[in-house]
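As they're listed, the protein sequences go chains A and B. The end of the first sequence is residue 472 by the UniProt record's numbering, with every number in the run present. The end of the second sequence is residue 472 by the UniProt record's numbering, with every number in the run present. Virtual Cβ for every residue (Gly too), placed ideally from N, Cα, C.
2 protein chains.
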Amino acid sequence: MNKISEQILNELREVVQENRILVKKSELYSFSFDASFGEYLPDVVLQPQSKEEISKIVTIANTYRIPVYPRGSATSLSGGPLPTMGGIVLDMSQYPKAISIDKENMLAIVTPSVITASIHDKAEEEGLFYPPDPSSSHVSTIGGNILENSSGPKGLKYGTTKEYVIGLELVTPMGEIVRTGGKTVKNVTGFDLTRLIVGSEGLLGVVTEITLRLIPKPAHKMTLLASFQSVVDSGRAITNILSAGVLPAAMELMDKYCIEAVEHYQPSGLPIGAEAIVIIEVDGHEASVNEEIDKCSDICRSFPGAVVKVAKSEEERVKIWKARKMVSPAITQLGPTKISEDATVPRSKIPEMIERLHQIRVKYDLNLVVFGHAGDGNLHPNIITDKRNIEEMKRAESAVGEIFQAAIDLGGTLSGEHGIGILKAPYMRSELGPALDLMKMIKQAWDPHNILNPGKMFPQKGQTKVVLTQNE
Amino acid sequence: MNKISEQILNELREVVQENRILVKKSELYSFSFDASFGEYLPDVVLQPQSKEEISKIVTIANTYRIPVYPRGSATSLSGGPLPTMGGIVLDMSQYPKAISIDKENMLAIVTPSVITASIHDKAEEEGLFYPPDPSSSHVSTIGGNILENSSGPKGLKYGTTKEYVIGLELVTPMGEIVRTGGKTVKNVTGFDLTRLIVGSEGLLGVVTEITLRLIPKPAHKMTLLASFQSVVDSGRAITNILSAGVLPAAMELMDKYCIEAVEHYQPSGLPIGAEAIVIIEVDGHEASVNEEIDKCSDICRSFPGAVVKVAKSEEERVKIWKARKMVSPAITQLGPTKISEDATVPRSKIPEMIERLHQIRVKYDLNLVVFGHAGDGNLHPNIITDKRNIEEMKRAESAVGEIFQAAIDLGGTLSGEHGIGILKAPYMRSELGPALDLMKMIKQAWDPHNILNPGKMFPQKGQTKVVLTQNE
Numbered sequence: 001m002n003k004i005s006e007q008i009l010n011e012l013r014e015v016v017q018e019n020r021i022l023v024k025k026s027e028l029y030s031f032s033f034d035a036s037f038g039e040y041l042p043d044v045v046l047q048p049q050s051k052e053e054i055s056k057i058v059t060i061a062n063t064y065r066i067p068v069y070p071r072g073s074a075t076s077l078s079g080g081p082l083p084t085m086g087g088i089v090l091d092m093s094q095y096p097k098a099i100s101i102d103k104e105n106m107l108a109i110v111t112p113s114v115i116t117a118s119i120h121d122k123a124e125e126e127g128l129f130y131p132p133d134p135s136s137s138h139v140s141t142i143g144g145n146i147l148e149n150s151s152g153p154k155g156l157k158y159g160t161t162k163e164y165v166i167g168l169e170l171v172t173p174m175g176e177i178v179r180t181g182g183k184t185v186k187n188v189t190g191f192d193l194t195r196l197i198v199g200s201e202g203l204l205g206v207v208t209e210i211t212l213r214l215i216p217k218p219a220h221k222m223t224l225l226a227s228f229q230s231v232v233d234s235g236r237a238i239t240n241i242l243s244a245g246v247l248p249a250a251m252e253l254m255d256k257y258c259i260e261a262v263e264h265y266q267p268s269g270l271p272i273g274a275e276a277i278v279i280i281e282v283d284g285h286e287a288s289v290n291e292e293i294d295k296c297s298d299i300c301r302s303f304p305g306a307v308v309k310v311a312k313s314e315e316e317r318v319k320i321w322k323a324r325k326m327v328s329p330a331i332t333q334l335g336p337t338k339i340s341e342d343a344t345v346p347r348s349k350i351p352e353m354i355e356r357l358h359q360i361r362v363k364y365d366l367n368l369v370v371f372g373h374a375g376d377g378n379l380h381p382n383i384i385t386d387k388r389n390i391e392e393m394k395r396a397e398s399a400v401g402e403i404f405q406a407a408i409d410l411g412g413t414l415s416g417e418h419g420i421g422i423l424k425a426p427y428m429r430s431e432l433g434p435a436l437d438l439m440k441m442i443k444q445a446w447d448p449h450n451i452l453n454p455g456k457m458f459p460q461k462g463q464t465k466v467v468l469t470q471n472e
Numbered sequence: 001m002n003k004i005s006e007q008i009l010n011e012l013r014e015v016v017q018e019n020r021i022l023v024k025k026s027e028l029y030s031f032s033f034d035a036s037f038g039e040y041l042p043d044v045v046l047q048p049q050s051k052e053e054i055s056k057i058v059t060i061a062n063t064y065r066i067p068v069y070p071r072g073s074a075t076s077l078s079g080g081p082l083p084t085m086g087g088i089v090l091d092m093s094q095y096p097k098a099i100s101i102d103k104e105n106m107l108a109i110v111t112p113s114v115i116t117a118s119i120h121d122k123a124e125e126e127g128l129f130y131p132p133d134p135s136s137s138h139v140s141t142i143g144g145n146i147l148e149n150s151s152g153p154k155g156l157k158y159g160t161t162k163e164y165v166i167g168l169e170l171v172t173p174m175g176e177i178v179r180t181g182g183k184t185v186k187n188v189t190g191f192d193l194t195r196l197i198v199g200s201e202g203l204l205g206v207v208t209e210i211t212l213r214l215i216p217k218p219a220h221k222m223t224l225l226a227s228f229q230s231v232v233d234s235g236r237a238i239t240n241i242l243s244a245g246v247l248p249a250a251m252e253l254m255d256k257y258c259i260e261a262v263e264h265y266q267p268s269g270l271p272i273g274a275e276a277i278v279i280i281e282v283d284g285h286e287a288s289v290n291e292e293i294d295k296c297s298d299i300c301r302s303f304p305g306a307v308v309k310v311a312k313s314e315e316e317r318v319k320i321w322k323a324r325k326m327v328s329p330a331i332t333q334l335g336p337t338k339i340s341e342d343a344t345v346p347r348s349k350i351p352e353m354i355e356r357l358h359q360i361r362v363k364y365d366l367n368l369v370v371f372g373h374a375g376d377g378n379l380h381p382n383i384i385t386d387k388r389n390i391e392e393m394k395r396a397e398s399a400v401g402e403i404f405q406a407a408i409d410l411g412g413t414l415s416g417e418h419g420i421g422i423l424k425a426p427y428m429r430s431e432l433g434p435a436l437d438l439m440k441m442i443k444q445a446w447d448p449h450n451i452l453n454p455g456k457m458f459p460q461k462g463q464t465k466v467v468l469t470q471n472e
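What follows is the structure, encoded as structure tokens:
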């Protein structure tokens, strides 16, 4: 890839105002990392304010073969926005933030720079509901959520982000502005480019507008917290509930290490001493909510030593969810480096996956904690380590490889919602086989100069395992 | 495209048993048409029984540049399986039919030759539910449903077929056997090829296995039939119900011409004299079903002259739906040629679309009837004509063009579920603009010799309007 010369910079200055072009090292530094790890300094940061600006930037980048790295709030856990090959970071923070709710058609039309939580708020003001809710939704942008297809706890009942995106406007890797999909849930006019872009991790286009389908807001919800004396029991409880025909809005699991971390960080009334807890939320009509919460309670209580507490007030409900949202910040206190995985398995395999994770923890003597969206098989094993401790990082590397292998062995997938980025790229071939080549063909056809987010998703030549230790 | 020589036939005979190779004109004839119109004789019909056979057939077809046309039950209304350029029809009727229900993971793993209704049956035996239900589901195959993303009445509440397909096995246009997706709802490992294949109309691969997500079967359902003195009122009732926060499982509209056709064909107790009827079904918990059906009744009754009848028994419920399913066969009695469209608009535009359709009916003096899945904006305007009447077909051509234009003008789409096929291809550019080129790039990259289902979806050079009169 080429470096940015003064001549190229001058061309970019004709597109973007001087105050939205960052070139000083001190300014560039903030754009060298995301919520995963690894640091890569870009050559320039551009802050576009219109799709036309983005189109022109991408066109210039094509002419001079400069990489372009789109960036939202950079909460990516897989290195999504990292400028691994230098070049341009396309920082969307100055892009206009617009949310327009179309109540009659139950749609939200938003710009990519909008914080996802504000879509929740605006929808609920109109009695509507946007179910996807990544843990980071109060800080992450909808543009990032869409490019990673990150979805959070409600995928179980409501599906993932993808199921809510019905139209997009984007700038293609060649700089063209195009629209895909539209305003109707039913649309079979040509290939489904909309869903191809969702989860494409910024390799196929820069999204500039998003049309989201909304649904009526559920009238009632109830939440319970069940504690178990065995983490495998907690996994069995989850599969038993689903087999009983109950489809909760969310079923979240936390193992004892997470419980301890949260209680240590900010006491939240979680049952210290339990091996695992499961938080279950059901929603819908009041009558069904009451019946379903009873069914869930009964199933959980059927396990030896299990204790169930149903939230009796909105205050108690909020407190339970606050404790859940505390997991990430709490475990961050356990060490400076957090490797957050999202290997996902068919939900019947959750007890087995939990067993495998336990074995990996012991084998590599690592601080491996497990929580996540267990209802849809989307666990988040996290390894808390210190990237300066090269020896421990090497063990973590091997452990991560085994986590991926366990997920694939159990019929699951490398990533449920964090994306592949740079961290999981080496394992793509082992899961996908020849399907990987079909993906590369699309990238090659749309982005012949490999301008958009290069270095992500596809394994580099000779890469066969994840390398967590940089500069070696 | 090349013709099939005796040498090529001999190579095919090494792949497929002689009794599954049809070459006699009398045998080929049955494969020259589908449920749309137009007749195209293939050179040979092959009836594969394994993915390996399909892989070898496609490889031979690539070597000799022979078109391959996959075919399920041929219920396509857009010319999907028609062998417009001769060559090979890949008839899936002899392919093994297998349905495996994985209750614990709420999945169905099926082969493409399975009739969709049998998936409904098998799922329900296990207390599970597969919502997509095209009108043809008792005869059409799941392979065809998936390649067209045809979905039927329940898209409104439950989403389309696409929302239920989470994994595929397919033979690529180059003859390779690949897998996409998997068994988990959450899966962001690479681009979403699964959803790219769904609705790809057989241009990107021959599907050989499908993994479907199932959901718990709703415990209760209720159905009402509301008649209106104005078809625009019926459209308003639909949007008012949705605005009131009720999300019925289905909202089906029939105009007076459909009512008359059904009552003439097989008296079903529909209200002759009404300008339109709407059938509404709500499902879920008993308490919510009762409340929602009351809300729907009240909203419908608020229109002058509207009459609402709630089905009081399962027998009455079934009778209402039987009348709805009778529309297609009934209107077929009105004339030998039926042009069935599925232009779809944002649901708030239904009243306006109905007005536009009425104007088109009058302007071109055609037997244009309207029914469809009004709840999700997916109307089915049908023109009943006679393809031997060239003058009337010319008027129908113009009318079809105006229907498409009306849908696009109102922010809708050419096709909600029938697919583009040969009938709507000329209008693709006007809806999609440069997105059409992105689609073509994928086709070109995956199928460089244009082997799989050529002549479909993409407009031919110089084509700017639909031509219903063949051989001119």
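- Between Ala-249/B and Thr-223/B, the alpha-carbon positions lie close to 10 Å from each other.
- By alpha-carbon distance to Val-89/B, the top candidate from Ile-99/B, Thr-116/B, Leu-247/B and Leu-41/B is Leu-41/B.
- Contact between the region 193–202 of chain A and the region 146–154 of chain A is present: 3 or more CB-CB pairs across the two stretches fall below 8 Å.
- Non-local beta-carbon contacts of Pro-336/B in its own chain, meaning distances under 6 Å to residues more than five positions away in sequence, involve Asp-386 in chain order.
- When the Cα atoms are used, Val-15/A and Ile-66/A turn out to be separated by approximately 16 Å.
- Interface annotation, Met-353/B: not in contact with chain A, CB-CB separation never under 8 Å.
- Boundaries of the alpha helix (DSSP H) harbouring Pro-329/A: 327–332, taken from the DSSP string.
- Against chain A, the CB of Ile-384/B has no partner CB under 8 Å away; the residue lies outside that interface.
- Listed along the chain, the chain A residues whose CB falls inside 8 Å of the CB of Gln-460/B amount to none; the nearest CB is some 15 Å away.
- Under the Cβ criterion (8 Å, minimum of three pairs), the region 178–186 of chain B counts as touching the region 407–417 of chain A.
- Flagged as an interface residue toward chain A: Trp-446/B, by a C-beta distance shorter than 8 Å.
- In the three-state reduction of the DSSP assignment, Ser-230/A falls in the coil class, being assigned neither a helical nor a strand state.
- Annotated as proximal: Leu-212/B and Leu-107/B, with beta-carbon spacing under 8 Å.
- Excluding residues up to 5 positions away in sequence, Thr-337 and Lys-387 lie with their Cβ nearer than 7 Å to the Cβ of Phe-37/A in the same chain.
- Under a 10 Å Cβ-count criterion, Gln-47/A is classified as buried, with 16 or more other Cβ atoms of the shown protein chains found around its own Cβ.
- Excluding five sequence positions before and after Asp-233/B, the CB atoms of its chain that fall closer than 6 Å to its own CB belong to Phe-303, given in chain order.
- Under the DSSP assignment, Phe-458/B falls outside any alpha helix (DSSP H); it carries neither an H nor an E label.
- In the three-state reduction of the DSSP assignment, Ala-98/B falls in the coil class.
- Lys-217/A places its beta carbon less than 8 Å from that of Leu-128/A.
- Of the candidates Pro-351/A, Cys-296/A, Val-400/A and Ser-313/A, the residue whose Cα lies closest to the Cα of Asp-342/A is Val-400/A.
- For the pair of segments examined, the region 318–328 of chain A was found to touch the region 260–269 of chain A: the number of CB pairs separated by less than 8 Å reaches three.
- Looking at Glu-18/A, Thr-189/A and Lys-157/A, the one whose alpha-carbon comes closest to that of Arg-429/B is Thr-189/A.
- Within its own chain, the residues whose Cβ lies closer than 6 Å to the Cβ of Ala-74/A, once the five positions on either side in sequence are excluded, are Asp-34 and Pro-81, listed in chain order.
- Glu-163/B carries a helical assignment under DSSP once its states are collapsed to helix, strand and coil.
- Contact check for Gly-372/A against Ser-78/A fails: the beta carbons are separated by 8 Å or more.
- Assignment of beta strand (DSSP E) within the region 35–67 of chain B, counting only whole runs of 3 or more residues, yields 44–46 in chain order.
- Taking one beta carbon from each stretch, the region 391–408 of chain B and the region 154–171 of chain A have fewer than 3 pairs nearer than 8 Å; the two do not touch.
- Taking one beta carbon from each stretch, the region 283–290 of chain B and the region 268–287 of chain A have 3 or more pairs nearer than 8 Å; the two touch.
- Beta-bridge pairing by DSSP links Ala-250/A to Glu-281/A.
- For Asn-290/A, the enclosing alpha helix (DSSP H) has its first and last residue at 286–301.
- Note that the C-beta distance between Ile-54/B and Glu-11/B is not below 8 Å.
- In this structure Asn-453/B touches Leu-203/B by the C-beta definition: roughly 5 Å separates them, less than 8 Å.
- Under the Cβ criterion of 8 Å, Leu-379/A is not counted among the residues facing chain B.
- The beta carbon of Asp-233/A sits no closer than 8 Å to any beta carbon of chain B.
- At a cut-off of 8 Å between beta carbons, Phe-191/B contacts chain A.
- If you compare the alpha carbons of Leu-438/B, Thr-116/B and Ser-136/B with that of His-418/B, the shortest gap goes to Ser-136/B.
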